[in-house]
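Structure, as structure tokens:
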Amino acid sequence: MSPYARTFVALLALAAPLGAAAQQVEIQEWEVPYEDSRPRDPYVAPDGKVWFVGQRTHYVAVFDPQTAEFKKYDLESGAGPHNLIVDDKGTVWYTGNRVGNLGKLDPATGRIVTFPMPDTAVRDPHTLIFGKDGQMFFTAQGANYIGRFTPSSGEVKLAKVQSPRARPYGIEVDSKGTVWANLFNTNKLAKVDPVTMAITEITQPRSETRGRRIAITSDDKIWYVDYAGGYLGRYDPATQQFKEWRAPGAAESQPYAMTVDDKDRLWFVETGPKPNNLVGFDPATEQFFSVTPIESGGGAVRHMVFHKPTGTIWFGTDENTLGRADVGGMEAAGKPIP
């Protein structure tokens, strides 16, 4: 067995300061065999294989959980891939964060096609997601744009965020196709019309809020993590009301990666504590019900996705590991932390 195939398995209760043990999450990690590459933003393909990017050493790679084997596809020099997604045909789409393009990788041939931004000022495509009607949407953090990409034509439509240096970051699409994003350098959310690309900025209640990632539950409520203050927040577009909960790590939390499972429970990673903590929150009870340390330490877990068929969350870490958390077997409503 390759030395990189060894795994870390954690079945851990809550950290002692939080009181009695709550539900436990099993986390398994695999060392990525590409040194100091910052593996990140995994996505599960239709065949169950897990694709991810190596931000520091410029690759796209695939991992087979059944065999624990890795395969790497090198990108152009300095590409700095930040994120990828995989369509229902198995085609991989990624953001060339340092070279101002989007990329398409055909796993069958290894052929890569790139799509440059129509405006060279949009130098850093950041996070890419699927939208409705065959389109994709992405943020460009430093450039201060949100974009729409149509794969069938290669067309890119760009919309500039009104607030200067707003740093659009995490991005998701609701059930109606409306696009939502964090404006990380402000206390605002962005709501984007997918047809006109008109952006509406929505101000969050605390001026010091800095939302990094975003998630949307099945009722189309918008959830975010406040990296600066250590909060989980919810915005209800129907009532235009906000509600927030202090994360278990409080001011030291620095919540970053975020996702939602098929029971509408929110999961995020506190990157302030060492090791990082995977935290579960149940909107039905409005309680945090699970905190599990990430055994490798995490360093920082920047983005993660929930895979419904297996009930698992996938993530990459700055400790050069690929991780999987099994949350599917947990009860729909967790026991609250005392």
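Using the numbering used here, you'd call the opening residue of the sequence shown number 214 and step up by one each time.
Don't be surprised by glycine CBs; every beta carbon is placed ideally from N, CA and C.
Small disclaimer: the values here were computed from a predicted structure and weren't measured.
- Phe519 is the residue among Gly512, Trp306, Phe519, Thr413 whose C-alpha sits nearest the C-alpha of Leu479.
- Lys521 and Asp300 have their C-alpha atoms roughly 15 Å apart.
- Taking one beta carbon from each stretch, the stretch 307-316 and the stretch 285-294 have 3 or more pairs nearer than 8 Å; the two touch.
- If you draw a straight line from the Cα of Asn489 to the Cα of Ile359, it is about 30 Å long.
- For Arg425, the CB contacts under 7 Å within the same chain, skipping 5 residues up- and downstream, are Tyr382, Gly383, Asn395, Phe397, Val438, Tyr440, Tyr469 in chain order.
- If the five residues before and after Gly355 are omitted, its C-beta is found closer than 8 Å to the C-beta atoms of Arg336, Asp337, Arg380, all from its own chain and listed in chain order.
- Taking every protein chain shown into account, the CB of Gly323 has fewer than 16 other CB atoms within 10 angstroms, so this residue is exposed.
- Within the model, the alpha-carbon separation for Lys285 versus Val369 is close to 28 Å.
- By the Cβ test, the stretch 398-408 is not in contact with the stretch 453-473, since fewer than three Cβ pairs between them sit closer than 8 Å.
- Looking only at Arg537, Lys434, Glu457, the smallest Cα-Cα distance to Asp477 is reached by Lys434.
- As for any beta strand (DSSP E) of minimum length 3 sitting wholly inside the stretch 234-309, the runs are 238-244, 252-257, 263-267, 272-277, 282-287, 294-299, 305-309, ordered along the chain.
- By the criterion of a C-beta distance shorter than 8 Å, Ser365 is surrounded in its chain by Gly347, once the five residues flanking it on both sides are discounted.
- Contiguous beta strand (DSSP E) elements confined to the stretch 384-467 occur at 392-396, 401-405, 412-416, 424-429, 435-439, 444-449, 454-459, taking only those with 3 or more residues.
- Assignment of Ile507 by DSSP, reduced to helix, strand and coil, places it in the coil class.
- Look at Lys373 here: in three-state DSSP terms it is strand.
- With a contact defined as Cβ atoms closer than 8 Å, Met349 and Trp306 qualify at about 7 Å.
- Residue state for Asp539 is assigned as strand, using DSSP reduced to three classes.
- With respect to the 7 Å criterion, Val386 and Gly344 are classified as neighbours on the basis of their beta carbons.
- The Cβ neighbour count for Arg378, taken over all protein chains shown within 10 Å, is under 16; the residue is labelled exposed.
- When secondary structure is reduced to three states using DSSP, Gly316 falls in the strand class.
- When DSSP reads this structure, Gln500 sits in a beta bridge with Asp495.
- Using a Cβ distance threshold of 7 Å, Arg537 and Gln241 count as a contacting pair.
- With fewer than 16 neighbouring CB atoms inside 10 Å of its own CB, Asp432 falls in the exposed class.
- Listed in chain order, the non-local C-beta contacts of Asp287 below 8 Å within the same chain comprise His271, Tyr272, local neighbours out to five positions each way being set aside.
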